[in-house]
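Novice:
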Amino acid sequence: MNIQQTEVVIIGAGFSGIAAAKKLHEAKIPFLILEARERIGGRVFTKHLSENLYVDLGGQWIGPTQDRMYALCQELNIPYFETYDEGKNILNLRGKIRTYQGIIPKMDPLSLINLDILMRRLERMAKQIDIHSPWTHPNAGKWDEMTLDDFLKKYSKTKYCYEVIKIGCETIFACELSEISLLHALFYIRSGTSLDCLINIKNGAQQHRIEGGMQRIIEEMAKPFYDKILFESPVERVIQGADSISVDFGDQSIEAQEAIIAIPPPLLNQIQFEPGLSKEKQELFQNYPMGRVGKCFMIYEKPFWRTLDYSGQVVSDDPLTHQTVFDCSPADGSFGILMGFVIGNRAEEYFSLSEEQRKNRMMRSLKQYFGEKAETAIQYLDFTMSDEAWSKGCYAGLMPVNSWSKFQDNYRKSEDRLHFAGTEAATRWHGYIEGAVLAGEAAASKIIKTQPN
Ligand SMILES: Cc1cc2nc3c(=O)[nH]c(=O)nc-3n(C[C@H](O)[C@H](O)[C@H](O)COP(=O)(O)OP(=O)(O)OC[C@H]3O[C@@H](n4cnc5c(N)ncnc54)[C@H](O)[C@@H]3O)c2cc1C
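Take any residue in the sequence shown, count from 1 to its spot, add 220: that is its number in the numbering used here.
#1: Would DSSP call residue 628 helix, strand or coil?
#2: I want to know whether the stretch 355-369 touches the stretch 387-406 - three or more CB-CB distances under 8 Å.
#3: Are the C-beta atoms of residue 496 and some chain D residue less than 8 Å apart?
#4: Apply the 10 Å Cβ neighbour rule to residue 328 and answer buried if 16 or more other Cβ atoms are within range, or exposed otherwise.
#5: What three-state label does DSSP hand residue 335 in the structure shown?
#6: Which residue or residues does DSSP assign as beta-bridge partners of residue 428?
#7: Do the CB positions of residue 279 and residue 232 come within less than 8 Å of each other?
#8: Is residue 555 near ligand 1, going by C-beta to nearest heavy atom under 7 Å?
#9: Check whether the Cβ atoms of residue 660 and residue 479 lie closer than 8 Å to each other.
#10: Out of 298, 256 and 382, state which residue places its alpha-carbon closest to the alpha-carbon of residue 313.
#11: Can you give the Cα-Cα distance for residue 569 and residue 578, rounded to whole angstroms?
#12: By DSSP, does residue 639 sit in helix, in strand, or in coil?
#13: Just to confirm the assignment, what range does the beta strand (DSSP E) spanning residue 380 have?
#14: Can you tell me where the alpha helix (DSSP H) holding residue 221 begins and where it ends?
#15: What number of angstroms, rounded off, separates the C-alpha of residue 350 from the C-alpha of residue 288?
#16: Is residue 455 near ligand 1 - that is, is its Cβ less than 7 Å away from at least one heavy atom of it?
#17: Taking just the CA atoms, how far does residue 617 sit from residue 302?
#18: Taking the alpha-carbon positions, what's the residue 428 to residue 593 distance?
#19: Would you mind sorting residue 667 into buried or exposed? The rule is 16 or more other CB atoms within 10 Å of its CB.
#20: If you count every other CB in all the chains shown that lies within 10 Å of the CB of residue 311, and 16 or more means buried, which is it?
#21: Does the stretch 539-552 touch the stretch 625-644, meaning 3 or more C-beta pairs lie closer than 8 Å?
#22: Which same chain residues, not among the five before or five after residue 612, have their C-beta less than 8 Å away from its C-beta?
#23: Rounded to a whole number of angstroms, what is the C-alpha to C-alpha distance between residue 663 and residue 501?
#24: Closest to residue 380 by C-alpha separation, out of 300, 424, 583 and 538, would be which residue?
#25: Less than 8 Å between the C-beta atoms of residue 723 and residue 224, yes or no?
#26: Compare the C-alpha of residue 675 against each of 566, 586, 357 and 374 and name the closest.
#27: On the DSSP letters alone, give me the boundaries of the alpha helix (DSSP H) that residue 416 sits inside.
#28: Take every Cβ of the stretch 444-455, pair it with every Cβ of the stretch 317-334, and state whether three or more of those distances are shorter than 8 Å.
#29: Alpha carbon to alpha carbon, how far is residue 555 from residue 519? Give it in angstroms, no decimals.
#30: Hey, would you say residue 376 sits closer than 8 Å to residue 338, going by beta carbons?
#31: Is residue 274 close to ligand 1? I mean its beta-carbon at under 7 Å from any heavy atom of the ligand.
#32: Does ligand 1 have a heavy atom nearer than 7 Å to the CB of residue 432?
#33: Among 533, 407 and 610, which residue has its Cα nearest to the Cα of residue 456?
#34: If contact is defined by three or more beta carbon pairs under 8 Å, each pair taking one atom from either stretch, is the stretch 460-469 in contact with the stretch 259-274?
#35: Rounded to whole angstroms, what is the Cα-Cα separation between residue 419 and residue 588?
#36: Do you know whose CA, among 528, 541, 622 and 249, lies nearest residue 319's CA?
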């Protein structure tokens with residue numbers, strides 16, 4: 221066996237692992253990074269189709285209060301631009317297509333009032349959550365026993381209100397709403413500032429995109445230490461000894477003083493830990509599913525819908541098509557790109573079709589929304605991380621009912637020389653790229669603090 225030695229070994233070269241590495245690099249602490257794939261970025265993956273044409277198959281947006289992301293853009297000199305958000309939005313509800321302005325769709329007055337009250341209620345409840353310990357809220361037990369779907373059904377007095385809030389929440393959480401507890405939803409909302417912030421483009425989590433794609437940031441971050449990344453090196457075994465830790469992959473091993481593990485939760489089950497991790501952690505990893513979402517892109521020579529006064533945004537309850545659609549054209553509008561999210565069970569059904577069928581499905585619905593010109597696409601492509609062996613889904617790991625009450629902060633707790641990062645270890649902007657960066661930096665800080673001056 222080929223054995224290399226270093227001070228810290230980092231498992232996973234997503235934003236979290238690379239943020240940890242950047243901090244260690246700046247503190248002049250030696251490290252090596254093991255990455256299963258042949259690329260960095262993990263759940264962030266920019267695909268370049270031609271010189272000026274790219275799509276972000278994974279994470280793409282940043283928004284206000286994601287302070288580390290804006291600081292990284294500034295430090296690395298990477299420009300970002302406003303997400304296109306002008307003109308009429310489209311609502312496809314119960315077979316009827318209508319247009320609206322702003323974030324609240326046009327509905328009958330009763331549904332509108334109901335939706336407003338329900339969103340305020342969620343906002344009020346989320347504000348009471350301590351993101352560092354959501355399980356300590358006096359109602360935590362009750363809210364953790366209930367799914368988000370149970371809650372929305374209970375307080376939606378009209379079908380329209382339920383359908384609209386359901387689609388909004390599915391787009392935020394990337395799952396069926398029966399898969400997560402109400403407490404997890406409240407924590408997630410609070411962690412990302414507010415429901416308003418998570419939903420909105422302007423002043424919200426979807427406000428900005430990165431020129432050239434999100435992967436550009438991580439590539440720049442990693443530039444000074446690219447030679448420390450070992451690609452196609454999936455970790456199989458982690459052995460903690462009295463004086464060191466060994467991390468094995470293939471016929472190679474790295475011996476270090478400390479390790480940072482920054483991979484999606486379900487993949488922790490695939491690593492053999494010796495001695496085994498705590499009982500609580502093992503149990504948690506076995507019941508930590510990932511979200512399910514696919515991104516589907518229809519590419520045009522120009523964003524033709526803009527000249528028709530459409531924003532490109534769609535919200536739809538039709539189970540055979542995308543929950544939401546956004547304008548994802550490049551900053552200069554040199555191409556027109558509409559991106560649709562298929563989420564949860566809709567994603568399963570959609571990706572069971574052939575690529576030709578998926579393309580036709582999207583084309584048909586875009587024609588319904590934007591007219592004949594929707595048929596003039598030059599390319600279609602789609603992608604789901606659920607099919608990726610080293611992601612198993614996205615956007616993030618999900619806490620099902622009673623999970624927060626039972627496991628509390630177990631996920632992010634260090635065990636001896638092993639420190640847990642990844643967006644799922646974040647308290648702020650949990651599930652987002654900002655959260656991944658914060659969790660990676662926090663893990664690196666723990667190690668830096670233990671170093672002699
Ligand atoms: C479709 C989609 C849309 C999204 N949209 C947004 C958005 O707009 N804005 C936003 O902020 N967030 C978004 N997210 C979420 C965001 O991308 C993630 O929260 C973030 O990228 C997670 O980073 P991470 O470093 O924690 O994990 P990952 O990116 O998953 O990195 C983990 C790395 O570990 C590697 N790995 C796994 N197992 C092993 C092993 N055994 N050995 C070695 N390496 C291993 C993986 O290959 C991967 O590179 C989106 C995600 C997806 C997929």
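Even glycine gets a Cβ: it sits at the ideal position worked out from N, Cα and C. Please read all numbers here as calculations on a predicted model, not as lab measurements.
Specialist: Concretely, from the data shown:
#1: Translated into positions along the sequence shown, residue 628 becomes position 408. Correct three-state label for residue 628: coil.
#2: yes
#3: Annotation note: the requested chain D is absent from the structure, which comprises a single protein chain.
#4: As a working note, residue 328 is residue 108 in the sequence shown. Looking at its Cβ environment, which holds fewer than 16 other Cβ atoms inside 10 Å, residue 328 is exposed.
#5: Taking the sequence shown and counting its residues from 1, the one referred to as residue 335 is at position 115. Looking at residue 335 - three-state DSSP - the assignment turns out to be helix.
#6: What you label residue 428 is simply residue 208 of the sequence shown in a count that begins at 1. According to DSSP, which records beta bridges pairwise, residue 428 is partnered with 282 and 302.
#7: As a working mapping, residue 279 is identified with position 59 in the sequence shown. As a working mapping, residue 232 is identified with position 12 in the sequence shown. Contact flag unset, no.
#8: Stepping through the sequence shown from its first residue, residue 555 is reached at position 335. Checking the Cβ of residue 555 against ligand 1 gives no.
#9: On the sequence shown, residue 660 is found 440 positions in, with the first residue counted as 1. On the sequence shown, residue 479 is found 259 positions in, with the first residue counted as 1. No, these two residues do not count as a Cβ contact at 8 Å.
#10: Numbered from its first residue, the sequence shown carries residue 313 at position 93. Closest option to residue 313, Cα to Cα, is 382.
#11: The residue you call residue 569 lines up with position 349 of the sequence shown. The residue you call residue 578 lines up with position 358 of the sequence shown. So the alpha carbons of these two residues sit roughly 10 Å apart.
#12: Here residue 639 refers to the residue found at position 419 of the sequence shown. Here residue 639 sits in strand by DSSP.
#13: As a working note, residue 380 is residue 160 in the sequence shown. Residue 380 -> not in any beta strand (DSSP E); alpha helix (DSSP H) instead, spanning 379-393.
#14: Within the sequence shown, residue 221 is the residue found at index 1, counting from 1. Note, residue 221: premise wrong, no alpha helix (DSSP H); not H, not E.
#15: On the sequence shown, position 130 is the one that residue 350 refers to. On the sequence shown, position 68 is the one that residue 288 refers to. Taking the straight line from one Cα to the other gives about 21 Å.
#16: The residue labelled residue 455 in the question sits at position 235 within the sequence shown. True, at least one ligand heavy atom lies under 7 Å from that Cβ.
#17: As a position in the sequence shown, residue 302 is number 82, starting the count at 1. As a position in the sequence shown, residue 617 is number 397, starting the count at 1. Approximately 28 Å between the Cα atoms of the pair.
#18: As a first step, residue 428 must be located in the sequence shown, where it is residue number 208. As a first step, residue 593 must be located in the sequence shown, where it is residue number 373. Computed Cα separation, rounded: 27 Å.
#19: As a first step, residue 667 is located in the sequence shown; it is residue number 447 there, counting from the start. Per the 10 Å Cβ criterion, buried.
#20: Walking along the sequence shown from the start, residue 311 turns up at place 91. Under this definition residue 311 is a buried residue.
#21: no
#22: Within the sequence shown, numbered from 1, the residue matching residue 612 stands at position 392. So the qualifying residues of the chain are 484, 486, 487, 510, 605 and 606.
#23: Stepping through the sequence shown from its first residue, residue 663 is reached at position 443. Stepping through the sequence shown from its first residue, residue 501 is reached at position 281. For residue 663 and residue 501, the distance between alpha carbons rounds to 17 Å.
#24: Here the question's residue 380 lines up with position 160 in the sequence shown. For residue 380, the nearest C-alpha among the options comes from 538.
#25: Not covered by the structure: residue 723. The range shown for the chain is 221 to 673.
#26: The shown model of the chain, from 221 to 673, leaves out residue 675, and the question about it has no answer.
#27: For the purposes of this step, residue 416 is taken as residue 196 along the sequence shown, with counting starting at 1. Residue 416 -> alpha helix (DSSP H) spans 415-419.
#28: no
#29: Indexing the sequence shown from 1 puts residue 519 at position 299. Indexing the sequence shown from 1 puts residue 555 at position 335. Cα-Cα distance, rounded: 7 Å.
#30: Looking up residue 376 in the sequence shown gives position 156. Looking up residue 338 in the sequence shown gives position 118. A contact, by the Cβ cut-off of 8 Å.
#31: Here the question's residue 274 lines up with position 54 in the sequence shown. Checking every heavy atom of ligand 1 against the Cβ of residue 274, none is found closer than 7 Å.
#32: As a working note, residue 432 is residue 212 in the sequence shown. False, no ligand heavy atom lies under 7 Å from that Cβ.
#33: As a first step, residue 456 is located in the sequence shown; it is residue number 236 there, counting from the start. Residue 456 has its Cα closest to that of 610, out of 533, 407 and 610.
#34: no
#35: Start at 1 with the first residue of the sequence shown, and residue 419 comes out as number 199. Start at 1 with the first residue of the sequence shown, and residue 588 comes out as number 368. Cα to Cα, residue 419 sits roughly 24 Å from residue 588.
#36: Translated into positions along the sequence shown, residue 319 becomes position 99. Ranking the options by Cα distance to residue 319, first place goes to 528.
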